[in-house]
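In my numbering, the protein residues as written are 27 to 330.
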């Protein structure tokens with residue numbers, strides 16, 4: 027196996043949509059699935075995958091509407107469809123039980139899957155993947171359902187009249203990427219941007235993700251039901267939190283109590299994308315959790 031492996035691209039069909047995933051090789055090793063967050067793509071895991079592929083068979087899917095996966099023809103993205111896609115992919119790979127790392131939306135999807143099929147997951151890491159905090163959820167619930175639905179309809183109609191944002195140069199798109207996460211190095215931002223954009227006919231650049239991912243339909247926003255999924259997870263669960271993130275601390279707001287076997291690790295000088303912001307520590311903590319038998323400190327080679 028080469029010191030710095032590169033992935034191969036593969037496609038499968040789920041709910042009549044053509045979806046993409048990256049396979050980092052090492053097929054005889056335990057299976058590890060990396061699930062990216064909203065408005066992101068599978069290549070956001072490249073640095074992580076290059077290290078972990080030495081000991082795992084790493085698969086990184088592009089969620090529907092993201093990366094090189096197809097957009098929804100209706101512009102709708104119910105959370106159930108994301109969970110179905112992950113479930114189908116794992117059935118096709120036929121390697122249960124698996125290990126999963128999910129970030130943000132990917133963490134929420136992965137935790138739902140682990141609650142639905144606890145026998146299929148060996149260990150799971152969720153990077154700020156618990157959805158809305160209890161306070162934010164209470165505020166959302168205070169708004170009457172008809173008002174929420176009307177806001178969504180009006181927002182969707184307004185979005186249909188907008189031209190998707192484009193950037194005249196690659197450098198401009200990189201600049202926007204760094205605005206989204208100021209902790210990114212130029213190298214990180216360039217890599218994430220190059221894999222996250224398409225070239226338009228006029229020479230400009232646009233993000234690969236479906237603009238309709240913004241403003242999820244009311245019936246798809248189901249964070250209130252998450253604890254019932256968490257309580258059914260039987261495998262060890264590790265929750266990651268960046269201390270500079272907007273995310274709520276699950277140990278302080280009570281959400282960690284819904285898990286049977288969960289622990290929390292916090293990262294200094296890290297925001298919502300802590301796996302980019304504090305890569306070395308993220309890898310060390312992840313290796314320790316996923317593979318206690320690995321020699322500690324064996325994180326050599328690829329750095330973001």
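Note that beta-carbon positions come from the ideal geometry of N, C-alpha and C, so glycine has one too.
Under 6 Å Cβ to Cβ from residue i, same chain only, skipping five residues before and after it: list those, please.
i	result
residue 69	221
residue 299	207
residue 329	The pLDDT assigned to residue 329 is 39, lower than 50, so where the model puts this residue is not dependable; a value taken from the coordinates is nonetheless given after this. Nothing meets the Cβ criterion.
residue 253	284
residue 311	291
residue 43	90, 96
residue 156	276, 281
residue 133	152, 153, 155
Could you pull out every residue in the same chain whose Cβ sits closer than 7 Å to the Cβ of residue i, ignoring the five residues on either side in sequence?
i	result
residue 131	63, 64
residue 31	50, 51, 76, 79
residue 277	290
residue 317	81
residue 175	244
residue 279	159, 160
residue 178	241, 243, 244
residue 304	293, 295, 296
residue 216	200
When you compare each of the options to residue i by their alpha carbons, which one comes out closest?
i	options	result
residue 121	56, 179, 60	56
residue 226	248, 257, 205, 192	192
residue 218	229, 228, 205, 316	205
residue 35	230, 85, 286	85
residue 53	201, 39, 82	82
residue 124	211, 58, 44	58
residue 267	258, 151, 202	151
residue 228	251, 60, 47, 194	194
residue 258	87, 311, 101, 285	285
residue 197	186, 99, 223	223
residue 108	39, 33, 148, 178	39
residue 135	287, 202, 248, 309	248
residue 190	211, 111, 230, 169	230
residue 103	210, 182, 288, 261	182
Determine, using beta carbons only, whether residue i and residue j come nearer to each other than 8 Å.
i	j	result
residue 255	residue 138	yes
residue 293	residue 269	yes
residue 128	residue 153	yes
residue 297	residue 274	no
residue 143	residue 113	yes
residue 72	residue 47	no
residue 116	residue 146	yes
residue 126	residue 61	yes
residue 238	residue 185	yes
What's the call for residue i, buried or exposed, on a 16-neighbour Cβ count within 10 Å?
i	result
residue 180	exposed
residue 263	buried
residue 74	buried
residue 66	buried
residue 188	exposed
residue 100	exposed
residue 41	exposed
residue 45	buried
residue 368	Here the chain covers residues 27 to 330 and nothing more, so residue 368 does not appear.
residue 149	buried
residue 111	buried
residue 212	exposed
Within a Cβ cutoff of 8 Å, which residues of the same chain sit near residue i, ignoring the five residues on either side of it in sequence?
i	result
residue 250	163, 167
residue 141	254, 255, 256, 257, 258, 259
residue 307	293
residue 171	244
residue 261	123, 140, 144, 147, 148, 149, 150, 287
residue 309	74, 77, 78, 325
Taking 8 Å as the CB-CB cut-off, is residue i touching chain B?
i	result
residue 312	Looking for chain B here will not work: only one protein chain is present.
- Item | Sufficient close CB pairs (3 or more, under 8 Å) joining the segment 92-99 to the segment 227-247 | Because the criterion of three Cβ pairs below 8 Å is met, the segment 92-99 and the segment 227-247 touch.
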